[in-house]
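Asker:
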Amino acid sequence: MSQNNPSLDALLARDYEHGFVTDIESDRLPNGLNEDIIRAISAKKNEPEFLLQWRLKAFHHWLTMTEPHWSHIYYPPIDYQAVSYYSAPKSKADAPKSLDEVDPELLATYAKLGIPLKEQEMLAGVAVDAVFDSVSVATTFKSKLAEKGIIFCSFSEAVHEYPELIEQYLGSVVPYTDNFYASLNSAVFSDGSFVYIPKGVRCPMELSTYFRINAASTGQFERTLIIADEGSYVSYLEGCTAPKRDENQLHAAVVELIALEKATIKYSTVQNWYPGDKDGKGGIYNFVTKRGDCRGSNSKISWTQVETGSAITWKYPSVVLRGDNSIGEFYSVALTNNRQQADTGTKMIHLGKNTRSTIISKGISAGYGQNTYRGLVKIAKSAVNARNYTQCDSLLMSDKCGAHTFPYIEVKNPTAKVEHEASTSKISEDQLFYLLQRGLTTEDAVSMIVNGFCKQVIRELPMEFAVEAQKLLGISLEGAVG
Amino acid sequence: MNTNLHWQTQFDNSIAQNANPNWLTELRHQAFKRWQTSGFPTLRNERWKYTELMPLAQTEFHLSKNTSSDHYQDLLPETIENSLRLIFVDGQLISELTSDEIYLATLVNTLKQNPAKIEPYITNKNSIDSITDLNTALATDGMVIFIPANCNFTRPIHLIYLYTQIQNNMVHMQNIVHLAEGATATIVEHHIGKDDNRYFSTSFNSIKLEKNANLTYYRWQEQGSDAYHINRTQLMQATHSNTAFFSFDLKGHLVRNEIFQEFIGENAECKLTGLYLGRGKQHIDNYITLNHAVPFCRSEQLFKGILDDRSHGVFHGKVVVSKDAQKTDAQQHNANLILSDKAEIDTQPQLEIYADDVKCTHGAAIGQLDEEALFYLESRGINADIAKQMLIYGFAADTLQHVEQSTLHAFCQTRIRHYFPEMPLLQDELK
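Residue numbers (the working numbering), protein chains in the order written: chain A, 1 to 482; chain F, 1001 to 1431.
Shown next, in the form of structure tokens:
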């Protein structure tokens, strides 16, 4: 990696494109966390008593926990009392019913990000539940979905309109005692998305939420709950960008997926939060708990993620394969450049008979990036004929970066077939040379090789996302190889 | 009796009985103090996640006293052709042997005659957890082997550790092996114990290879059916040195085998081959760390496990490639065969890589006997049970492929055959 290419250096030095701060008045609570704050959040959102009690239980449990440090990431200690746990755009009181009512400044923010709601509504046919900081401000295509009986709304709305569903399913996949960040989220979560697909319904469009973190030093605590009833299908997209800021921002989301008999949930993420500048200053701390539960037989949950952003990514989308013949999938591309650190992977817990899981993880490290795959494949005694295939490959693009693989495989049933393969290498000189001598620039050649390396994962993404993901990979890596 | 008090008594007795140099006594005191505060590692310790030491902590073990050396004959393994045979019974050498070519003495004698020779090996012990402290505090004997420069010592050195002790005894050993520049040696470390007695043993090896040295090392563990055994090997390799390390865990109740290998010189090579056989309620834990600290080194790991009945196998293999270790070539593979629905395997093949120009792969597989292979054998008229035995034996014997010396190959094969009594004789065994 000794030769330097000036044009590439220029690209490498390029700043985060989506870095801007929208000046919107925020309705926010003082920094710090105690019982009063939680009561205040709950009161502001007019929540039923059961939810407040649940939050308080989570908070008291959280107080007994210590921050986990087993992951392969390093960061200065976080002061959880210096974070404001609630911030909502000012128009919260009279939430807009349509796009026209949305604060124009907010719409401009989306326009800068290249996701104009209106355009998406018309062109892409995507229903966008845009989350700006903590309160949902616009939900589109709602009526079309309502025809089919599909519920797609913000979490707070669901709390008021479908409290019985919330009470039944909230915390049933990720209990409030699950881990430090999940407990914190359970205590203070502000909003998120809620999806319910009724029996036998195939959701006619990709459901999508864009998350934005905006107000300074506001942690964002999203909570998403998706329930696919018997025989239903849903594909859900989650994409993220965040404005530039120098302080590290804390993000601890929880996503719960529940697939009943013969239901399929496909959950795709493109995460492009602010990764910090080239010296590692700023950037989002992303501690996420995502878990799916294949509760019914023949159900399927598939996670696809492209992680290019955040200073720190701590994320293990998992599947509990409870139902017989259920299927779990995990496709991941994690890219770390500059000083980014990612510790990500999955857990596949096989409990039912004939359960199958596939894990494809591609890690790319450049600059000083540290990229860790950490995964668990567990075959319980009850999981007769379980099958797992895991492949995790790492691509190293500088001599200062790191790529680590920490798989855990626990097998308690002799009929299980479990395979794990991993390789670590750099971009082959031969491949690069071949492309260069065909007249491609270094940058295009690298981008082509990387896209080839990630193809297995990218092709799992819905089309709109796949395009965005490929672009992101290109932008994030330009100049990483000279 | 209070547990701490019990250990204190054991330690005080051991100090009183051994006239060690001052630095060592001091070191043992320090280690024991650390041990008293930490105790045995628990499951909460990530390194011991799958191995429960509670039963060890709850038993009061006594350091073994003088040996009644008559009960060991039936434990002795076959003789390796042309080998130098040294027999320890319950931690004491019973057959003194010397050699003109190499330095061969017990730790006790070396400490008396030439303590400076081994001081750095004892003081630089990698203190990763309380087990090291326990060993440092209580290990009083072991073997010291120094192979001089350019000596090609062709006789295999067969170190036999026999455990014949009465209930609840313990033995802690410390071995030191040094191969000077250009030296070549073959060492067989062999632990064999009597069944049905509960006893606890730790055996720590410090091995260092200087430039161009060549070592072939065999570690055989055939402890008794109620034995607790912890084995830790620290292996350092200088430039152009070469190690072939074989590890066979065939018996014992709870066995932990740790290998910490480190390349400290370029262009060195290390091949690790392991086989673990779990039956009954055995628990076998292999914890391997390979450290590529310098560029241009090659490492290869192949560990195979066969788990039957209620046995529990654990494999942890980690390859660390430091940021300067460019051109590293590291391969790791762990394959497991599960034969019973009560058996369990936990495997963690790990890579930790900080350099970019490297070739590292690892793989793990868990499965059953190949139905097609079984069908093939049966279609040739072979009884299903025997066919199974043949396939299992074939899976195990694969680890012997890299055993190059023919005398040792024969020895290994015979030894492994004890565990496959139903397996029909092979062509070369019929001759």
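Even glycine gets a Cβ: it sits at the ideal position worked out from N, Cα and C.
Note that the coordinates shown come from a computational prediction; the quantities given were computed from them, not determined experimentally.
1) Quick check on LEU1272/F: does DSSP put it in helix, strand or coil?
2) Of the choices LEU63/A, ALA228/A and LYS262/A, whose alpha-carbon is the least far from that of TYR176/A?
3) Report all residues from its chain with a CB closer than 8 Å to the CB of ALA416/A; omit the five preceding and five following residues, and keep chain order.
4) Of the choices MET348/A, LEU184/A, PRO204/A and ALA187/A, whose alpha-carbon is the least far from that of PHE152/A?
5) Which same chain residues end up closer than 6 Å to GLU993/F when comparing Cβ atoms and leaving out the 5 residues on each side of it in sequence?
6) From ASN286/A to TYR75/A, what distance separates their C-alpha atoms?
7) Using a Cβ cut-off of 8 Å (strictly closer), state whether ASN413/A contacts chain F.
8) With the cut-off set at 8 Å, would you say LEU1351/F and THR405/A are in Cβ contact?
9) Could you tell me whether the Cβ atoms of ILE265/A and GLY292/A are closer together than 8 Å?
10) Please list the partners that PRO68/A has in chain F, where partner means a Cβ-to-Cβ separation under 8 Å.
11) Of the residues PHE221/A, HIS251/A, GLY200/A and GLN249/A, which one's Cα is nearest the Cα of ALA228/A?
12) Is the beta carbon of HIS1292/F closer than 8 Å to that of VAL1314/F?
13) What residues in its chain sit with their C-beta under 6 Å from that of ASN413/A, if we drop five residues either side in the sequence?
14) Would you mind working out which of THR1289/F, VAL1188/F, ARG1310/F and LEU1377/F sits nearest LYS1281/F, comparing C-alpha positions?
15) Beta carbons nearer than 8 Å to chain F: which residues of the segment 422-454 of chain A have them?
16) Taking buried to mean at least 16 other C-beta atoms within 10 Å of its own C-beta, is PRO77/A buried or exposed?
17) I need the DSSP call for ARG202/A, collapsed to helix, strand or coil.
18) Quick check for students: name the residue ranges of the beta strand (DSSP E) that lie wholly in the segment 1136-1161 of chain F, counting only runs of 3 or more.
19) Against chain F, does PHE406/A count as a neighbour if the rule is that its beta carbon must be under 8 Å from one of theirs?
20) Is GLU1096/F helix, strand or coil by DSSP?
21) May I have the straight-line CA-CA distance separating PHE459/A from TYR85/A, to the nearest angstrom?
22) Look at the Cβ atom of VAL450/A, then the Cβ atom of LEU472/A, and state whether they are nearer than 8 Å.
23) Run the CB neighbour count on ASP1249/F, radius 10 Å, all protein chains shown included, and call it buried at 16 or more, exposed below.
24) Compute the Euclidean distance between the alpha carbons of GLU410/A and LEU1043/F, then round it to the nearest angstrom.
25) Taking the continuous beta strand (DSSP E) assigned at ASP1385/F, which residues delimit it?
26) Against chain F, with Cβ distances strictly below 8 Å, would LYS90/A count as a contact?
27) Let me know the secondary structure DSSP gives SER299/A once reduced to three states.
28) So, for TYR368/A: in the same chain, excluding its five sequence neighbours on each side, which residues have a beta-carbon less than 7 Å away from its beta-carbon?
29) Hey, out of THR1051/F, ALA1019/F and GLU1422/F, whose CA is closest to TYR1228/F's CA?
30) For the beta strand (DSSP E) that contains GLU1052/F, what are its first and last residues?
31) Return the CA-CA distance between ALA1019/F and ARG374/A, expressed in angstroms with no decimal places.
32) Contact between the segment 1129-1146 of chain F and the segment 1027-1047 of chain F: three or more CB pairs below 8 Å?
33) Strictly by DSSP, which residues pair up with VAL1321/F?
34) Between PHE1146/F and TYR1103/F, which are expected to be in contact by the criterion C-beta below 8 Å, what is the C-beta distance as a whole number of angstroms?
35) Do ARG1256/F and ILE1230/F count as a contact pair if the criterion is CB distance below 8 Å?
36) Are the CB atoms of THR1243/F and LEU1235/F nearer to each other than 8 Å?
Answerer: Well, looking at it:
1) Here DSSP, grouped into helix, strand and coil, assigns LEU1272/F to strand.
2) The residue with the shortest Cα to Cα distance from TYR176/A is LEU63/A.
3) HIS350, ILE379, ALA383, ASN385, ALA386, ARG387 and ASN388.
4) Nearest of MET348/A, LEU184/A, PRO204/A and ALA187/A to PHE152/A, Cα basis: PRO204/A.
5) There is no way to answer for residue 993/F, as the model of chain F reaches only from 1001 to 1431.
6) Cα atoms of ASN286/A and TYR75/A: separation of roughly 12 Å, rounded to the nearest angstrom.
7) Output row for ASN413/A: interface = yes.
8) Yes, the pair counts as a contact, with Cβ atoms nearer than the cut-off.
9) Less than 8 Å divides the Cβ of ILE265/A from the Cβ of GLY292/A.
10) Those do not exist, as PRO68/A stays about 12 Å from chain F at its closest Cβ, beyond 8 Å.
11) If we check each option's Cα against that of ALA228/A, GLY200/A comes out closest.
12) Not in contact: VAL1314/F and HIS1292/F (Cβ atoms no closer than 8 Å).
13) Excluding five sequence positions before and after ASN413/A, the CB atoms of its chain that fall closer than 6 Å to its own CB belong to ILE379, LYS381 and ALA383, given in chain order.
14) It is ARG1310/F whose Cα lies nearest to the Cα of LYS1281/F.
15) Listed by position, the residues of the segment 422-454 of chain A near chain F (Cβ gap below 8 Å) are ALA422, SER423, THR424, SER425 and LYS426.
16) Exposed, because fewer than 16 other Cβ atoms sit within 10 Å of the Cβ of PRO77/A.
17) Taken through DSSP and simplified to helix, strand or coil, ARG202/A comes out as strand.
18) Complete beta strand (DSSP E) runs here, min 3: 1143-1147.
19) So, interface residue.
20) Note: GLU1096/F maps to coil in three-state DSSP.
21) For the sequence presented, residue 459/A should be read as Arg rather than Phe. Computed Cα separation, rounded: 37 Å.
22) No.
23) ASP1249/F sits buried, since 16 or more C-beta atoms from the chains shown fall within 10 Å of its C-beta.
24) Near 15 Å, if we compare the C-alpha coordinates of LEU1043/F and GLU410/A.
25) Boundaries for ASP1385/F: no beta strand (DSSP E) harbours it, while the alpha helix (DSSP H) harbouring it runs 1384-1397, taken from the DSSP string.
26) At LYS90/A the pLDDT is 46, less than 50, meaning the model places this residue with poor confidence; the figure from the coordinates comes in the next sentence. Look at LYS90/A: its C-beta is not under 8 Å from any C-beta on chain F.
27) Annotated three-state conformation of SER299/A is coil, per DSSP.
28) Closer than 7 Å at Cβ, skipping near neighbours: ASN338, ARG339, LYS400 and CYS401.
29) Ranking the options by Cα distance to TYR1228/F, first place goes to THR1051/F.
30) Judged by DSSP secondary structure, GLU1052/F falls outside any beta strand (DSSP E); it is assigned neither H nor E.
31) Going by the C-alpha atoms only, they are around 49 Å apart.
32) Cβ pair count under 8 Å is three or more, so yes.
33) Residue pairing by DSSP places VAL1321/F opposite HIS1292/F and ILE1353/F in a beta bridge.
34) At roughly 4 Å, the Cβ-Cβ gap stays under 8 Å, so PHE1146/F and TYR1103/F are in contact.
35) Yes, the Cβ-Cβ distance between ILE1230/F and ARG1256/F is below 8 Å.
36) Contact annotation: THR1243/F and LEU1235/F have beta-carbon atoms nearer than 8 Å.
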